[in-house]
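Sequences listed follow chains G, A, V and E, in order.
First residue of the first sequence: 54, per this note's numbering; consecutive thereafter.
First residue of the second sequence: 54, per this note's numbering; consecutive thereafter.
First residue of the third sequence: 54, per this note's numbering; consecutive thereafter.
First residue of the fourth sequence: 54, per this note's numbering; consecutive thereafter.
Beta carbons: idealized from backbone N, C-alpha and C, even for Gly.
Report on the structure given below.
There are 4 protein chains.
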Amino acid sequence: MKRGFGSDNHSGIHPKILRAIEKVNESHAVAYGDDGYTARVLQTFKMHFGEKAEGFFVFNGTGANILALKAMAQPFHAVVCAETAHINVDECGAPERFLGCKLLTVNTKDGKLTPELILPKLHGFGDQHHAQPTVISISQSTELGTLYQPEEIAALAQLAHHHNMYLHVDGSRFVNAAAALNLSFKELSADLGVDALSFGGTKNGLMMGEAVILFRPELAENFKYHRKQAAQLYSKMRFVSAQFEAFLENDLWKEIAGNANKMAQLLAQKLKTVNAVKIVQKVEANAVFAVIDPELKKQLLNDYFFYDWDENRNEVRWMCSWDTTEADIIHFVETIKIFLR
Amino acid sequence: MKRGFGSDNHSGIHPKILRAIEKVNESHAVAYGDDGYTARVLQTFKMHFGEKAEGFFVFNGTGANILALKAMAQPFHAVVCAETAHINVDECGAPERFLGCKLLTVNTKDGKLTPELILPKLHGFGDQHHAQPTVISISQSTELGTLYQPEEIAALAQLAHHHNMYLHVDGSRFVNAAAALNLSFKELSADLGVDALSFGGTKNGLMMGEAVILFRPELAENFKYHRKQAAQLYSKMRFVSAQFEAFLENDLWKEIAGNANKMAQLLAQKLKTVNAVKIVQKVEANAVFAVIDPELKKQLLNDYFFYDWDENRNEVRWMCSWDTTEADIIHFVETIKIFLR
Amino acid sequence: MKRGFGSDNHSGIHPKILRAIEKVNESHAVAYGDDGYTARVLQTFKMHFGEKAEGFFVFNGTGANILALKAMAQPFHAVVCAETAHINVDECGAPERFLGCKLLTVNTKDGKLTPELILPKLHGFGDQHHAQPTVISISQSTELGTLYQPEEIAALAQLAHHHNMYLHVDGSRFVNAAAALNLSFKELSADLGVDALSFGGTKNGLMMGEAVILFRPELAENFKYHRKQAAQLYSKMRFVSAQFEAFLENDLWKEIAGNANKMAQLLAQKLKTVNAVKIVQKVEANAVFAVIDPELKKQLLNDYFFYDWDENRNEVRWMCSWDTTEADIIHFVETIKIFLR
Amino acid sequence: MKRGFGSDNHSGIHPKILRAIEKVNESHAVAYGDDGYTARVLQTFKMHFGEKAEGFFVFNGTGANILALKAMAQPFHAVVCAETAHINVDECGAPERFLGCKLLTVNTKDGKLTPELILPKLHGFGDQHHAQPTVISISQSTELGTLYQPEEIAALAQLAHHHNMYLHVDGSRFVNAAAALNLSFKELSADLGVDALSFGGTKNGLMMGEAVILFRPELAENFKYHRKQAAQLYSKMRFVSAQFEAFLENDLWKEIAGNANKMAQLLAQKLKTVNAVKIVQKVEANAVFAVIDPELKKQLLNDYFFYDWDENRNEVRWMCSWDTTEADIIHFVETIKIFLR
């Protein structure tokens, strides 16, 4: 298949992570997480996220999100999120289905929630007729490639806790944010008051695997049952654990996410002077959103794979990945320039 | 970790299957199954299961079961199964949770349903007060290591269809059955009237991955939405597809399942003359169920890992796997004999 | 308790309807709807709604809505509705809980959906990542006291059917609309392409009881099971049936709803010249929405019961009921005028 | 319709209870339970059930059961009940649907659970693969017309609490039990360790209405939200409250239930010497279960309405009601004797 900028999950397995799978493929290990590999990496999580952090592996991003939310929400609760949130747009209603909860969606310009945007949704507390707002869910980095600054997250956590609510972070690209902001995982989660994190691996070089990180012991109490009942308990779990171990070892995650971010910056920079391409969101992580000439788009799609974001506005999304190269970028921009000549 | 007979998911990845993962780890592929690898292997499924068979990959056995059942059952329906069925005992209530359905459980001696055992559950049709029986679900091979003969499955399919019901087969060890009975997949499913099959890979040498095979087009119609909403849609799907391709290529599955079955036979045969061990179920697939002396059990657990099946009866379960060797069996039996001396 | 304009369910049972309950309180009747009274009134429904209309009694408005929607929607579907819809705001998330569906909410000025407002929500058809839009749900009369004209409903039905979707009407105040528009039930539902109707009784003089009217036979097929499973099957059903029979007999509903509508008109008219009260929605059914001076509100609440609609905007809601009298209105307006002097 | 012994919900409204409805049908009352009538009767409940008892009205028996259970159980929990329990047999799977829970059913001879019968279900605690047993649910009186003695309930409560489980009583006929045992409500619930009770009214002379009584404050905490989300919140609640007030006033319940019980005793006694009728369960409340000659049954059904219990065994159920008279019994027995001559 042709290379492209379709999604960061179009790339394959990072060689070091594949090597880790191969390495633990030896003899027998107890299934469902009761193996030594898993115990070890969950301990490593505590080093990265703080002592109180409890980690649980799940299969995919949707699984991580619905289970992280389930740890905090009962069916009569409501989850406040951006209208563009993955949990709202891209999970086929899995949150409503699994949680029984209402999503209270908020219109944003850049995929980012603010206290001002959220406040109008925070009413009806104690009124039996209204789904009770209980979780604020944000994505870091956002679905629009933008980033929350640490103090912005802290402000949302404060707002949430002030209303006896929780703050959830959909971090399918959490490492892209951590790399871009040059912060440790703990500095970007526990230290800011985050209560639960969907910690993504698949979009950053794993074959498969995400983790739910819970920062309050009471949230973790029944997690294992919810996970099993959600059909998200991995059987030969050592093979997920090994991937995450490699991901964290010697800050491989930073190299991986850092490359994806850097390539997005490079792409944005090289397109700055191209009039037929208008970049419409801040490029802060590994995505570039641009409005482009429809003829140019058609031409580009002959050689590269990428998605429309909003066909009506001629807006497209270009995602960079751990395996995106400078040559990819240069060649892509060249193709654009040749077309425009 | 010490080797043992704990479960067929304690073993690792078969080398040929790991090789297949490595081989497709090249450049980019569209996610969520829209890649060429997946298209190819789903076509191969049709060769194995018949032209009408539609295959869908999911993460794990529980995911396969609840989604196969969801294709057939609405919340007011009921699923008839053996009391020992995995869907009843080992899935933490996931079927009730995801389907909203009642399980009508039947007591059996050997894990096998028969028309006679099922009939008393088939009443209340049309009565709004009663959950409507809609699916008969069997396991092949069963959780007790026994097998349905083809004609027994055909009889159950006939019973089901006579009542406008469906027949589902939980085949997390379907290949063990096919190998033992020396039948093709089609001969053991479509040809007998099976409507839906959970087709297992993980317990037979895959790293992870199961498939749902639906034998009626109307059952497949909305499957993709149910799968996504159940958080069972794999992102980098080529890596599951590749495993299944290797699994089917040159009948690797037969080699894998055949070895596990053969080792169980060997173990059973060698224990036949050992008085302290009483084998309590027919050994027809890759499991040996035995009542053993508690002191012997204690001693064995020092060297080998395996599970109690029923502590009150001193019944244990020994599972053989694709990687169980004759040496494993011989050494295990030796350990027993030494203890008994 | 003091009288007021709190809600049309603050009033009691219309005397003729209470009489009907008393009249059927004789000897024995089979439970759960298999009685002659129920058969008779369901037949009467066909006279009012058309031969294809199938009626089912349920307990309350939320029950009617979730069951009407369940007849049309699977969990991976989405329901488009106004942000102010009762199903979105006032049912504590019951639709998400019972259906597993996503609600796609639309901002409106007057509680009314239009094709233009709906169209941006109608995308992603066939895409497994997105909840599939399947139902358009409107309220007639709306939660803001406004009315859809017949041709407006017809246009929405056409839009829905063009996309293989259904049109649902939350008609907890359907008779208010029918009385105001001087249309028969059929002219205001079946003839316009409505597929399912929640037909309200409680807010128009019944003690309790609503009906779901389904206009396509396939929607009614499994309704009885859904109703039972939703715990909405009334045991001594003759007592609901009798109420509805009286409600329909000699167009009692028209007298009831007509009075409520007329009183709202009267109230609106008498307040037209009062500067401290600004009516902010068209008064088309039995509700008056007004922005009023906060001091005036405080004073009024001493004597009358009514609710804030939007405290930030000083907006209140005054509902009229079957038992609201001209004296009520005159006295209420007098109280306002006295205060303003 | 002909009178009969079909069910205690085939009878109508007791005159005193109908009178109570009429009496509160005056002017306005706030909806959804925020009215004075409701406050008063909930206070009365505390007199009958103890100070800690919190009462909540719901529509019907299924609603009461699923909400009482929801107060105690999360989806990964399991509820132990008799195979004949109403929640297992007669609610179309509503408990599985609403709770997401597994029911662990126990075979009994007389509809009664015992610690011995329950114990084999109490295992797998802490194991993520198994639904966690959390509630024991019994019916008092049982679906087979039998009664638990107080000490039997106390023993079940002790067993439950010993395993950190709860004891639920499905008391759709609780007053029949209390009348038969000559115990106060508190003596038959709170004093024995019952944690939650579905307290029935409909089968004992109410038009409609049941209550959930919760005996631990923590169980009541979120009940109002669950009730609303389950569509079980009554709008004009004063009309349910009034019925319950009349039901409790001057021990009307005892007169009502007492009559039904007495008539069942009379019927049983008069049939003792009739060979063609074999009574097969102890007659302790208001039901008589009998195996009768099929020809006799056919003949009787010409004049009386009643249900088969088990057609294969020629077993029928005769229910007595608040309005069953001695004349009814005498005439019924006469009809039998005439046929047998």
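Secondary structure note for Pro173 of chain A: it is in no beta strand (DSSP E), with a DSSP letter that is neither H nor E. For the 8 Å CB-CB criterion, Phe58 of chain E and Trp362 of chain E do not form a contact. DSSP places Pro128 of chain A in no alpha helix (DSSP H); its state is neither H nor E. Bridge partners of Lys155 of chain G according to DSSP: G:Ala131. Chain G has a Cβ within less than 8 Å of the Cβ of Pro128 of chain V. Three or more beta-carbon pairs separated by less than 8 Å link the stretch 373–392 of chain A to the stretch 303–317 of chain A, which places the two stretches in contact. Taking all protein chains shown into account, Thr326 of chain A has fewer than 16 neighbouring C-beta atoms within 10 Å of its C-beta and is therefore exposed.
For Arg150 of chain E, the nearest beta carbon of chain A is closer than 8 Å to its own beta carbon. With contacts defined by Cβ atoms closer than 8 Å, Ala121 of chain A and Ala249 of chain A form a contacting pair. In the DSSP assignment, Trp371 of chain G is bridged to G:Val341. Look at the stretch 257–291 of chain A: the residues with a C-beta under 9 Å from a C-beta of chain V are Asn275, Lys277, Tyr278, His279, Arg280, Lys281, Gln282 and Leu286. As a beta-bridge residue in DSSP terms, Gln185 of chain V pairs with V:His130. Straight across, the Cα-Cα distance linking Asn229 of chain E with Lys256 of chain E is about 10 Å. Within its own chain, the residues whose Cβ lies closer than 8 Å to the Cβ of Ser288 of chain E, once the five positions on either side in sequence are excluded, are Ala84 and Tyr85, listed in chain order. Between His176 of chain E and chain G, the shortest Cβ-Cβ separation is not below 8 Å. Per DSSP, Gly253 of chain E is one residue of the beta strand (DSSP E) stretching across Ala249 to Gly253. Gly253 of chain E has its alpha-carbon roughly 25 Å from the corresponding atom of Pro128 of chain E. DSSP places Lys350 of chain A within a helical segment (H, G or I) once states are collapsed to three. Scanning its chain for C-beta atoms nearer than 6 Å, with the 5 sequence neighbours on each side dropped, one finds around Ile66 of chain V the residues Met260, in chain order. Contact between the stretch 289–299 of chain A and the stretch 88–102 of chain A is present: three or more C-beta pairs spanning the two stretches fall below 8 Å. Contact annotation: the stretch 210–227 of chain V does not touch the stretch 154–161 of chain V, with fewer than three C-beta pairs closer than 8 Å.
Counting along the chain, Tyr90 of chain A sits inside the alpha helix (DSSP H) bounded by residues Gly89 to Phe102. Annotated as distal: Leu349 of chain G and Ile383 of chain G, with beta-carbon spacing of 8 Å or more. Beta-bridge annotation (DSSP): Lys162 of chain G is not paired with any residue. A direct Cα-to-Cα measurement between Leu71 of chain E and Asn118 of chain V gives close to 29 Å.
Distances from the alpha-carbon of Pro148 of chain A to those of G:Leu152, G:Leu241 and G:Ala283 put G:Ala283 closest. Contact holds between the stretch 334–350 of chain V and the stretch 188–208 of chain V, because three or more Cβ pairs, one in each stretch, are under 8 Å apart. In the three-state DSSP reduction, Gly146 of chain V falls in the coil class, being neither helix nor strand. Contact residues of the stretch 231–256 of chain V toward chain G are absent (C-beta to C-beta distance below 7 Å). For Leu236 of chain A, the closest alpha carbon among the candidates A:Asp61, A:Glu379, A:His101 and A:Lys55 is that of A:His101. Looking at the backbone, the Cα of Ala273 of chain G and that of Leu267 of chain G are separated by about 6 Å.
Across the structure, Tyr357 of chain E and Leu324 of chain E are spaced so that their CA atoms are roughly 16 Å apart. Interface annotation, Thr115 of chain E: in contact with chain V, CB-CB separation under 8 Å.
In this model, Asp61 of chain V and Glu204 of chain G are separated by some 48 Å (Cα to Cα). A distance below 8 Å separates the beta carbons of Gly246 of chain E and Ala210 of chain E. Per the DSSP secondary-structure output, Asp223 of chain A pairs in a beta bridge with A:Ser192 and A:Ser251.
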